[in-house]
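Structure first, commentary second.
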Amino acid sequence: MGIADARAMHPSIDIVEADPEADRRLLEGLADWCDRYTPLVALDGADGLFLDVTGCTHLFGGERAMLDEILSRFFHQGFDVRAGLAA
Numbered sequence: 001m002g003i004a005d006a007r008a009m010h011p012s013i014d015i016v017e018a019d020p021e022a023d024r025r026l027l028e029g030l031a032d033w034c035d036r037y038t039p040l041v042a043l044d045g046a047d048g049l050f051l052d053v054t055g056c057t058h059l060f061g062g063e064r065a066m067l068d069e070i071l072s073r074f075f076h077q078g079f080d081v082r083a084g085l086a087a
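Residue numbering for the sequence shown follows this note's numbering, starting at 1 and increasing by one per position.
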């Protein structure tokens, strides 16, 4: 959708320039923050994180509890998160 179409639908919309470098810095900061869950954190593309939580989940009450905590913390900071956990 173009800017004109977006403004026609939502006149009060704020339009900002994309800043991929700032996005990367933010993602790196989030990866550093995730060190509280596991030391094995990696960037996954331009907009994702990969956490290898092998051997760490018991410290947070199990897989589901750990995932719920991570999601809750991200949501409370205003992030829209999709996550999966595989064993």
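Glycine is no exception: its CB is placed at the ideal position from the N, C-alpha and C atoms.
Report task. With ALA42 as the anchor, note down where its beta strand (DSSP E) starts and where it stops. Result -> Stepping through the sequence shown from its first residue, residue 42 is reached at position 42. For ALA42, the uninterrupted beta strand (DSSP E) run begins and ends at 41–43, by DSSP.
Query raised in the report: What does DSSP give as the partner residues of PHE50 in its beta bridges?
Result: Taking the sequence shown and counting its residues from 1, one reaches residue 50 at position 50. PHE50 pairs with ALA42.
**Report entry** Limits of the alpha helix (DSSP H) - the one that ARG25 falls within
**Finding:** Start at 1 with the first residue of the sequence shown, and residue 25 comes out as number 25. It spans 20–33 - the alpha helix (DSSP H) in which ARG25 sits, taken as one unbroken run.
Query raised in the report: Applying the criterion that 16 or more other CB atoms from any shown protein chain within 10 Å of the CB defines a buried residue, is MET66 buried or exposed?
Result: Taking the first residue of the sequence shown as 1, we reach residue 66 at position 66. It counts as buried.
Query raised in the report: Is DSSP giving PHE74 helix, strand or coil here?
Result: Position 74 of the sequence shown, counted from the first residue, corresponds to residue 74. In the structure shown, the three-state DSSP call for PHE74 is helix.
Query raised in the report: Given LEU49, which residues of its chain have a CB within under 8 Å of its CB, disregarding the five upstream and five downstream residues?
Result: Start at 1 with the first residue of the sequence shown, and residue 49 comes out as number 49. Here the set comprises LEU27, LEU30, ALA31, CYS34, VAL41, ALA42 and LEU43.
**Report entry** Option in ALA6, ALA18, ARG7 and VAL53 with minimal Cα separation from ARG36
**Finding:** Taking the sequence shown and counting its residues from 1, the one referred to as residue 36 is at position 36. Looking at the Cα atoms, VAL53 is the closest of the given residues.
Requested in this report: Have a look at ARG7 and ILE13 and give me their C-alpha separation to the nearest angstrom.
Outcome: Within the sequence shown, numbered from 1, the residue matching residue 7 stands at position 7. Within the sequence shown, numbered from 1, the residue matching residue 13 stands at position 13. If you take the alpha carbons of ARG7 and ILE13, they lie about 6 Å apart.
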